[in-house]
Amino acid sequence: MTIPALGTVFGRKLVTDLQSFGLQIGEYTGGMTRKGGAGPSDHKTITIAGQTIMVPVFTSGARRSPFQASQPDQNGASMLVRDGQLLGTIHFPAAPRFYGLTTADGIPYWKIALLHGRDTLATTVHQTCIRYADRRTSCQFCAIGQSLEAGRTIAYKTPAQLAEVAKAAVELDGVRDMVLTTGTPNMVDRGAAVLAESARAIRAAVDLPLQVQCEPPRDHSWFQRLRDAGADSLGMHLEAATQAVRERIMPGKATVSVTRYMEAFAQAVPVFGRGQVNTYILAGLGDSATDILALAERLIALGVYPFVVPFVPISGTPLENHAPPSAEFMKSVLAPLGRMLREAGMKSTDIRAGCGRCGACSSLSAYEQ
5 MTIPALGTVF GRKLVTDLQS FGLQIGEYTG GMTRKGGAGP SDHKTITIAG
55 QTIMVPVFTS GARRSPFQAS QPDQNGASML VRDGQLLGTI HFPAAPRFYG
105 LTTADGIPYW KIALLHGRDT LATTVHQTCI RYADRRTSCQ FCAIGQSLEA
155 GRTIAYKTPA QLAEVAKAAV ELDGVRDMVL TTGTPNMVDR GAAVLAESAR
205 AIRAAVDLPL QVQCEPPRDH SWFQRLRDAG ADSLGMHLEA ATQAVRERIM
255 PGKATVSVTR YMEAFAQAVP VFGRGQVNTY ILAGLGDSAT DILALAERLI
305 ALGVYPFVVP FVPISGTPLE NHAPPSAEFM KSVLAPLGRM LREAGMKSTD
355 IRAGCGRCGA CSSLSAYEQ
């Protein structure tokens, strides 16, 4: 059986359901896996109907999912089943070739940067955050320290290391863009300085579109400095739509208010361009669909792409037992948001680099069609 394209009604529903329910994969652990740590965690990468997405597999909800995947064959092909009914074939991509290399000082490349989705390289430059150690200030969904504690990464990736790995990922695996994010190291530039240094080194080594991600720096001149260093797009992530939810879920980060973010967006868009500034919004933290769409309307008017993804609880965090949003809730947000983006002429395919271009953590791009 062939699964319909994700731009069809059935395809959109399928990927939205998969990312809400998760996927049971039994004992299979091959291919690319994101477990713990920063970014999309407790996920596995799958290719379905020609599109690569990231699906929760290590969450408690995934263990109860109606979706199951069979043991893959030697080519990574697996049968996708829902409630005992065969839906079609999916694929688990093999690990990228650059994962097999190490730096001159013996650090595996995969501890420096990881492949997300089909062809996006991603790294957390500083795997620490000034808020993480204190639960009174930390984001309750954050697991930035888990992969560091487990020895799956290193605390700081130097510009030289990032440039070396990026060049190899392009040459060996056809990587098309790279995301540089960071824990917040201070309350002044909020990571912009280390991102600029990293971007400059990478662009000197390889022609690779870059997105940098940080909280809004106090001095907005950092936006131009990041652009001059080689960043093609910018991510400043609100995570939640309303200030009340932000204060409850991320008390430290919420001290940088929604109003402050909107001011920063207004300054950043003229530097990077319309649609090249993005913000991540986690649906399911407590904001209503109306709240999310009202914020999205304001963001789009500013020229900011609102990348809305379903919240996925990560093991070991205070929200590990928080229920993810239902597929129905996600559709109630993504369908009208897709129309808003389409009417505004703002498409994920026009984003030069970053989470919105990758699109693997959300079915939003399917609703833009």
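My numbering numbers the first residue of the sequence shown as 5 and each following residue consecutively. By construction, the Cβ of each residue, glycine as well, lies at the ideal position given by its N, Cα and C atoms.
Asked                                                                                                                                                              : Found
Specify, as a first and last residue, the run of the beta strand (DSSP E) that Asp291 falls within.                                                                : Element bounds for Asp291: n/a, residue is neither H nor E.
Quick one: what's got a C-beta closer than 6 Å to Thr157's C-beta in the same chain, skipping five residues either side?                                           : Lys115, Gln131 and Ser151
Would Leu375 pass as a contact of Phe71 if the rule is Cβ separation under 7 Å?                                                                                    : There is simply no residue 375 to check, as the chain begins at 5 and stops at 373 in what is shown.
Taking all protein chains shown into account, decide if Ser24 is buried (16 or more other Cβ within 10 angstroms of its Cβ) or exposed.                            : buried
Quick check on Arg207: does DSSP put it in helix, strand or coil?                                                                                                  : helix
Kindly indicate which residue of Thr188, Glu201 and Val313 has the alpha-carbon position closest to the one of Leu286.                                             : Val313
Tell me which residue opens and which closes the beta strand (DSSP E) that Gly239 is part of.                                                                      : Ser237 to Gly239
Output needed for Asp377: all residues of its chain with C-beta closer than 6 Å, excluding positions within five of it in sequence on either side, in chain order. : Residue 377 falls outside the range modelled here, since the chain spans only 5 to 373, and no answer is possible.
CB-CB under 6 Å to Tyr217, same chain, minus the five flanking residues each way: which ones, in chain order?                                                      : The displayed chain sequence assigns Gln, not Tyr, to residue 217. Correct list, in chain order: Thr185 and Gly239.
Leaving out the 5 sequence neighbours to the left and right, which residues in its chain are closer than 7 Å to Asp354 when beta-carbon positions are compared?    : Gly279
Please state if the CB of Ser352 and the CB of Ala360 are separated by a distance shorter than 7 Å.                                                                : Checking the sequence shown, residue 360 turns out to be Gly, not Ala. Taking 7 Å as the Cβ cut-off, Gly360 and Ser352 qualify as a contacting pair.
Spell out whether any CB of chain D is found under 7 Å from the CB atom of His95.                                                                                  : Considering every chain present, this structure includes no chain D. It has just one protein chain.
Going by alpha carbons, who is nearest to Gln55 out of Gln373, Glu372 and Gly363?                                                                                  : Gly363
In the segment 79-123, which residue ranges form an unbroken beta strand (DSSP E) of at least 3 residues, counting only runs that do not cross its ends?           : 81-86, 89-95 and 118-120
Any idea if Thr33 is buried or exposed, counting beta-carbon neighbours within 10 angstroms, 16 or more meaning buried?                                            : A caution first: Thr33 carries a pLDDT of 46, below 50, which makes its placement in the model too unreliable to give a value.
Put Ala268 into one of helix, strand or coil per three-state DSSP.                                                                                                 : helix
According to DSSP, what are the bridge partners of Met344?                                                                                                         : According to DSSP, which records beta bridges pairwise, Met344 is partnered with nothing at all.
By how many angstroms is the C-alpha of Gly149 removed from the C-alpha of Phe333?                                                                                 : 30 Å
When the Cβ atoms of the segment 216-233 are set against those of the segment 157-175, are three or more pairs found closer than 8 Å?                              : no
Tell me which same chain residues have a C-beta within less than 7 Å of the C-beta of Gln4, skipping the five on either side of it?                                : Absent from the structure is residue 4, since the part of the chain shown begins at 5 and ends at 373.
So for Leu306, helix, strand or coil by DSSP?                                                                                                                      : helix
Going along the chain, which residues of its own chain have a beta-carbon closer than 7 Å to the beta-carbon of Ala270, five neighbours each way excluded?         : Leu306
What's the C-alpha gap between Ala347 and Ala108?                                                                                                                  : Per the sequence presented here, residue 347 reads as Glu, with Ala not at that position. Cα-Cα distance, rounded: 50 Å.
Taking the runs of the beta strand (DSSP E) that are 3 residues or longer, which of them lie wholly in the segment 140-219?                                        : 181-185 and 214-217
Just how far apart, CA to CA, sit Tyr136 and Thr20?                                                                                                                : 31 Å
Straight-line CA distance for Gly41 to Ala172?                                                                                                                     : Residue placement at Gly41 is flagged as unreliable, the pLDDT there being 49, under the threshold of 50; the coordinate-derived value follows with that caveat. Approximately 23 Å, taken between the alpha carbons.
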